[in-house]
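Chemist: Would you mind keeping the following structure in view while I ask a few things?
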Amino acid sequence: MKFFNDIIACFTNGKYLAAMLDGLWLTFIISLGAALVGLVLGTLVALVGLSKSKHPLMMIPRAICNVYVTVVRGTPMALQLFIMAFVIFAIRGFPQWVTAIIAFGINSGAYIAENIRAGILSVDIGQTEAGRALGLTSGTTMLKIVIPQAIKNVIPSIGNEIIALIKETSIVSMIGMYDLTAAAKDVGSGQNLASYIAPMTVAAVFYLIIVYALTFVVKKIERRLRSGDKR
Amino acid sequence: MISVKNIYKNFENVSVLRGVSCEIEKGERVVIIGPSGSGKSTLLRCMNLLEEPTYGEVWLDGKLVTDPDPYLHPDAIRASKTYASLIADGLTDDEAIKKIKKEDLLQKREGKQMKAVLDKIVAEHHLDINIARRKMGMVFQQFNLFNNLTVMENLTLAPVHLGLKTKEEAIETATALLHRIGLYDKKDEYPSRLSGGQKQRIAIIRALAMNPDAILFDEPTSALDPEMVGEVLDLIRELANEGMTMVIVTHEMGFAHEVGTRILFVDEGHIKEEAPPDEFFKNPKDVRLKEFLSKVL
Ligand SMILES: Nc1ncnc2c1ncn2[C@@H]1O[C@H](COP(=O)(O)OP(=O)(O)OP(=O)(O)O)[C@@H](O)[C@H]1O
Ligand SMILES: [Mg+2]
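If you're matching them up, the sequences are chains A and B in order.
Residue numbering for the first sequence follows my numbering, starting at 1 and increasing by one per position.
Residue numbering for the second sequence follows my numbering, starting at 1001 and increasing by one per position.
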C-alpha cells in the first residue's frame, strides 16, 4: 500500500509535486530547444552535404559538415554533454539549460541531417533533371519540387529522432541538472519518500505521455501530407 | 542553332562519347539512333548540359553554354605555358599545337595568359545555362512530371517562376495546350492518377509551355505500353508539321524515317553515319549501321 500512498503523495505533497513539475519543465525545455536547434542544423548540414558545387568556397563547409556528422555519431552523447558542460561552456554563471540545449541540439542535428539527406536522395533524380531542364535553378528545383516530396519520406524518421532525443535528455542529471529523471530520484531519496518506485513510475508515465503525444502528432502530419497529393 | 563541337564524355574511366560534333539547324528534325549503351542519351543530355561534357563545347544560337575548351581555340593553346616550352624545344607552331591536342598536354594551370584568352571568350560569348535551357525543352523517357504538383501546376510552375509569364497568362497557355491534347479535364489531377501516355503528352506540353526554340526527346515512347505509343507519336508528329526544331532519340525506326529530316547513327561514342532518312535507311554505308539495321528492321 505504501506504493499507492507514495504515488498520491507525488501529486498531493506540494514539495514533491513542485519538484516533479520543475523536472518535467526542464526536460520539456531542453527537448524543445534541442529539437529546434537540431532541425535547423540538420537541414543546413544536409543541404550543404548534398550540394555538388565544385567551388572551393563550398568544399570547406562540406568537409566541416562531414567531420561534424562523423564525430557526433561516433562518440557517446554523455561524453559530448560533458565536453560542453565542463570544457566549452565551463564559464561561471553560464546557464546550464542553454549548455544542454546546445549539446543535445548539436547531437540530434547530426542524426537529423542524415535522415534529411536520405530523404532527399530517395526522391527520383528525374524530378531534379526535369526542373533543371526547364531552366529552374538548383535552389528553386530543390525548394519547389524535391523538398516537398522528401518531407513525406522524412517526417516519420525525424519524429523518431526527436523521441530518442527526449528520452536521451535524462542524462543531464549527470551534470547535476534537475530534469524529470533527477526529480524522480530526488523525490525517492532518503530524506523524502525513501522509496524510488513510486516517483520513478510517475516519471516513466510522464515520458510515455510526451512520447505518445508526439507520435500522435507525427502520424497526423504524415496523413495530412499524404492526402495532400491524393495518393 | 545547336552546335556540338568535338564533345568527349567520360564517366569515371569509361569514355562514352569520343569526339562528337554536330549542327542542328532551325526547323530540322534530327533523329539519333544506335545500339543500347552507345551514348545516344549522353549526347542528347550534353546538349542541355544535364551532363557536362569532359571536353568540347556546346553552342546555342552563337552563344557558348559550356565552359570554353582550350583545345578548340588555337589562340588559347598558343598562350599556354606548355606551348611556350614546346616552341622553346624547337617545334614549329603547327607541330606544337598538333602535339598538344593529340597528347592532351594542357594542364589545369597554364598560367595567366591562357586564362586571359579563355576569359575573353567567356566574356564575349557566354550564355547562362539556365537561360539556354528555357530555349531547349526536354522530354524524358520516364516522363518526370513533378509528382507533388497537379497537372496545371506542372505546366505553369517554370514559366511563372522564371518570370516569363504572369500566372494568368501561364494558366491561359496551359489551358489551350490541355484542350489541344484533350486532357483539360485532368488539370487538377496529380501525375500518379494518369496513364503513361497521358503523362508523356503532358510532359511534352510542359516543354511547349515555355515557348522553346527546340525540343530534345529521349526515347519518348520507350516506357509506354504499346497501345499508348500512338497517341504520343501523333503529338510529336503534329509538332513536327508545325516546324518545331527537334532532336529525337528513338528505337522506332518507322517513326524516325517518317518524321526525321536527318538521321544520325551513334555507335561506340562516335557519329558513324549521318544522312537524310531515305538514303540512311535504303543505302547505309557504315558496316556497323548495316548490321544494326538488319537487326532492327
Ligand atoms: N551517370 C553515369 N555514370 C556512369 N556511367 C554512365 C552514366 N550514364 C551513362 N553511363 C554509361 O554510358 C554508356 C552510354 O549511356 P547512354 O545512356 O548514353 O546510352 P544510350 O545510347 O542512350 O543507351 P539506351 O539505348 O540503352 O538508352 C552506358 O554504358 C552507360 O552505362
Ligand atoms: Mg538512352
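For each residue, glycine too, the CB sits at the ideal point set by N, CA and C.
The structure displayed is predicted, hence computed values, not measured ones.
Would you say the stretch 87–98 of chain A touches the stretch 1112–1130 of chain B, given that touching needs at least three Cβ pairs under 8 Å?
Modeler: With the cut-off at 8 Å, the stretch 87–98 of chain A and the stretch 1112–1130 of chain B do not touch.
Chemist: Rank B/1193, B/1183, B/1052 and B/1220 by C-alpha distance to the C-alpha of residue 1200 of chain B and give the top, closest one.
Modeler: Locating residue 1200 of chain B in the second sequence gives position 200, counting from the first residue. Closest option to residue 1200 of chain B, Cα to Cα, is B/1220.
Chemist: If you run the structure through DSSP and keep just helix, strand and coil, what is residue 212 of chain A?
Modeler: Within the first sequence, the letter at position 212 stands for residue 212 of chain A. In the structure shown, residue 212 of chain A sits in a helix (DSSP, three-state: H, G or I).
Chemist: For residue 1150 of chain B versus residue 1188 of chain B, is the C-beta spacing smaller than 8 Å?
Modeler: Numbered from 1 along the second sequence, position 150 holds the residue referred to as residue 1150 of chain B. Numbered from 1 along the second sequence, position 188 holds the residue referred to as residue 1188 of chain B. Contact flag set, yes.
Chemist: Taking 5 Å as the limit, name every residue whose beta carbon sits nearer than that to some heavy atom of ligand 1, in sequence order.
Modeler: Residues flagged by the Cβ proximity filter: B/1011, B/1016, B/1036, B/1037, B/1038, B/1039, B/1040, B/1041 and B/1042.
Chemist: With a threshold of 7 Å on Cβ separation, who are the neighbours of residue 230 of chain A within its own chain once the five nearest residues in sequence on each side are excluded?
Modeler: Walking along the first sequence from the start, residue 230 of chain A turns up at place 230. Interpretation of residue 230 of chain A is limited by its pLDDT of 49, a score under 50 that renders its predicted location unreliable; no figure is taken from the coordinates.
Chemist: Give me the chain A residues within the contact set of residue 1142 of chain B, using Cβ-Cβ distance strictly less than 7 Å, ordered along the chain.
Modeler: One-based indexing of the second sequence puts residue 1142 of chain B at position 142. Neighbours of residue 1142 of chain B on chain A, chain order: 126.
Chemist: To the nearest angstrom, how far is the alpha carbon of residue 31 of chain A from that of residue 149 of chain A?
Modeler: Here residue 31 of chain A corresponds to residue number 31 of the first sequence, with the count starting at 1. Here residue 149 of chain A corresponds to residue number 149 of the first sequence, with the count starting at 1. Roughly 27 Å between the two C-alpha positions.
Chemist: Considering only residues of the stretch 1193–1277 of chain B, which uninterrupted beta strand (DSSP E) runs meet the minimum length of 3 residues and lie entirely inside it, listed in chain order?
Modeler: If we require 3 residues or more, the beta strand (DSSP E) runs fully inside the stretch 1193–1277 of chain B come out as 1214–1218, 1245–1249, 1262–1267 and 1270–1275.
Chemist: Does the separation of the CB atoms of residue 120 of chain A and residue 50 of chain A fall below 8 Å?
Modeler: Reading the first sequence from its first residue, position 120 is the one you call residue 120 of chain A. Reading the first sequence from its first residue, position 50 is the one you call residue 50 of chain A. Yes, these two residues count as a Cβ contact at 8 Å.
Chemist: Here's the rule: buried if 16 or more other CB atoms are within 10 angstroms of the residue's CB, otherwise exposed. What is residue 67 of chain A?
Modeler: For the purposes of this step, residue 67 of chain A is identified with residue 67 of the first sequence, where counting begins at 1. Answer is exposed; the Cβ neighbour count stays below 16.
Chemist: Which same chain residues, not among the five before or five after residue 1222 of chain B, have their C-beta less than 6 Å away from its C-beta?
Modeler: Within the second sequence, the letter at position 222 stands for residue 1222 of chain B. Taken in chain order, the residues that qualify are 1141.
Chemist: So which residues on chain A does residue 1134 of chain B lean against when the C-beta distance must stay under 7 Å?
Modeler: Working through the second sequence from its first residue, we reach residue 1134 of chain B at position 134. Simply 135.
Chemist: What's the call for residue 1108 of chain B, buried or exposed, on a 16-neighbour Cβ count within 10 Å?
Modeler: By one-based count along the second sequence, residue 1108 of chain B stands at place 108. With fewer than 16 other Cβ atoms within 10 Å, it is exposed.
Chemist: Pull up the distance between the alpha-carbon of residue 219 of chain A and that of residue 211 of chain A, whole angstroms please.
Modeler: Walking along the first sequence from the start, residue 219 of chain A turns up at place 219. Walking along the first sequence from the start, residue 211 of chain A turns up at place 211. In a straight line, the C-alpha of residue 219 of chain A is about 12 Å away from that of residue 211 of chain A.
Chemist: Indicate whether residue 225 of chain A and residue 151 of chain A have their beta-carbon atoms separated by less than 8 Å.
Modeler: Counted from its first residue, the first sequence places residue 225 of chain A at position 225. Counted from its first residue, the first sequence places residue 151 of chain A at position 151. It is a contact, given that the beta carbons lie within the stated cut-off.
Chemist: Would the beta-carbon of residue 1020 of chain B be found less than 7 Å away from any heavy atom of ligand 2?
Modeler: Mapped onto the second sequence, residue 1020 of chain B falls at position 20. Checking the Cβ of residue 1020 of chain B against ligand 2 gives no.
Chemist: Step through the CB atoms of chain C and report whether any lies within less than 8 Å of the CB of residue 54 of chain A.
Modeler: Given the protein chain composition of this structure (A and B), no chain C is represented.
Chemist: Within this structure, are the beta carbons of residue 1118 of chain B and residue 1076 of chain B separated by less than 8 Å?
Modeler: Taking the first residue of the second sequence as position 1, residue 1118 of chain B is located at position 118. Taking the first residue of the second sequence as position 1, residue 1076 of chain B is located at position 76. Yes.
Chemist: Using a Cβ cut-off of 9 Å, pull out every chain B residue sitting near residue 222 of chain A, in sequence order please.
Modeler: Taking the first residue of the first sequence as position 1, residue 222 of chain A is located at position 222. Ordered by position in chain B, no residue passes the 9 Å Cβ test against residue 222 of chain A, which lies about 15 Å from the chain.
Chemist: Is the beta carbon of residue 1014 of chain B within less than 7 Å of some heavy atom of ligand 2?
Modeler: Residue 1014 of chain B sits at position 14 when you count from the first residue of the second sequence. No, Cβ of residue 1014 of chain B sits at least 7 Å from all heavy atoms of ligand 2.
Chemist: Measuring CA to CA, which of B/1130, B/1224, B/1231 and B/1194 is closest to residue 1180 of chain B?
Modeler: Locating residue 1180 of chain B in the second sequence gives position 180, counting from the first residue. Among B/1130, B/1224, B/1231 and B/1194, the Cα nearest to that of residue 1180 of chain B belongs to B/1231.
Chemist: For residue 1214 of chain B, which residues from the same chain have a beta carbon less than 6 Å from its beta carbon, with the 5 sequence-adjacent residues on both sides left out?
Modeler: The residue you call residue 1214 of chain B lines up with position 214 of the second sequence. Within the same chain, residue 1214 of chain B has close Cβ partners 1136 and 1245.
Chemist: Determine, for residue 9 of chain A, whether the minimum Cβ-Cβ distance to residues of chain B falls below 8 Å.
Modeler: Here residue 9 of chain A corresponds to residue number 9 of the first sequence, with the count starting at 1. Taking Cβ atoms only, chain B never reaches closer than 8 Å to residue 9 of chain A, which makes this a no.
Chemist: Could you check whether the Cβ of residue 1267 of chain B sits closer than 7 Å to any heavy atom belonging to ligand 2?
Modeler: As a first step, residue 1267 of chain B must be located in the second sequence, where it is residue number 267. No, the Cβ of residue 1267 of chain B stays beyond 7 Å of every heavy atom of ligand 2.
Chemist: Tell me which residues share the same chain as residue 2 of chain A and place their Cβ nearer than 6 Å to its Cβ, disregarding the 5 neighbours each side in the sequence.
Modeler: Position 2 of the first sequence, counted from the start, is the residue given in the question as residue 2 of chain A. Cβ neighbours of residue 2 of chain A beyond the five flanking positions: none.
Chemist: Determine, using beta carbons only, whether residue 1072 of chain B comes closer than 8 Å to chain A.
Modeler: In the second sequence, counting from the first residue as 1, residue 1072 of chain B sits at position 72. False, the Cβ-Cβ gap to chain A never drops below 8 Å.
Chemist: Using a C-beta cutoff of 8 Å, does residue 130 of chain A count as contacting chain B?
Modeler: Taking the first residue of the first sequence as position 1, residue 130 of chain A is located at position 130. Interface residue, yes.
Chemist: To the nearest angstrom, report how far apart residue 1283 of chain B and residue 1050 of chain B are at their CA atoms.
Modeler: The count along the second sequence starts at 1 and reaches residue 1283 of chain B at position 283. The count along the second sequence starts at 1 and reaches residue 1050 of chain B at position 50. Cα-Cα distance, rounded: 34 Å.
Chemist: Among the candidates A/217, A/193, A/57 and A/29, whose CA atom is the shortest distance from the CA of residue 170 of chain A?
Modeler: Within the first sequence, residue 170 of chain A is the residue found at index 170, counting from 1. Among A/217, A/193, A/57 and A/29, the Cα nearest to that of residue 170 of chain A belongs to A/29.
Chemist: Apart from the five residues just before and just after residue 1028 of chain B, which ones in its own chain have a Cβ nearer than 7 Å to its Cβ?
Modeler: Counting from 1 along the second sequence, the entry for residue 1028 of chain B is found at position 28. Excluding positions up to five away in sequence, the list reads 1245, 1261 and 1262.
Chemist: Check residue 1011 of chain B in the structure and name its three-state DSSP category.
Modeler: As a first step, residue 1011 of chain B is located in the second sequence; it is residue number 11 there, counting from the start. Strand.
Chemist: Below 7 Å, is the gap between the Cβ of residue 1252 of chain B and the nearest heavy atom of ligand 2?
Modeler: Taking the second sequence and counting its residues from 1, one reaches residue 1252 of chain B at position 252. No, since every heavy atom of ligand 2 falls outside the 7 Å radius drawn around the Cβ of residue 1252 of chain B.
Chemist: For residue 1279 of chain B, I'd like the list of residues in its chain whose CB is within less than 7 Å of its CB, leaving aside the five on either flank, ordered along the chain.
Modeler: Taking the first residue of the second sequence as 1, we reach residue 1279 of chain B at position 279. Nothing meets the Cβ criterion.
Chemist: Answer yes or no: do residue 1043 of chain B and residue 1266 of chain B have a C-beta to C-beta separation smaller than 8 Å?
Modeler: As a working mapping, residue 1043 of chain B is identified with position 43 in the second sequence. As a working mapping, residue 1266 of chain B is identified with position 266 in the second sequence. Yes, the pair counts as a contact, with Cβ atoms nearer than the cut-off.
Chemist: What is the residue span of the beta strand (DSSP E) that residue 1029 of chain B lies within?
Modeler: The residue you call residue 1029 of chain B lines up with position 29 of the second sequence. Residue 1029 of chain B -> beta strand (DSSP E) spans 1029–1033.
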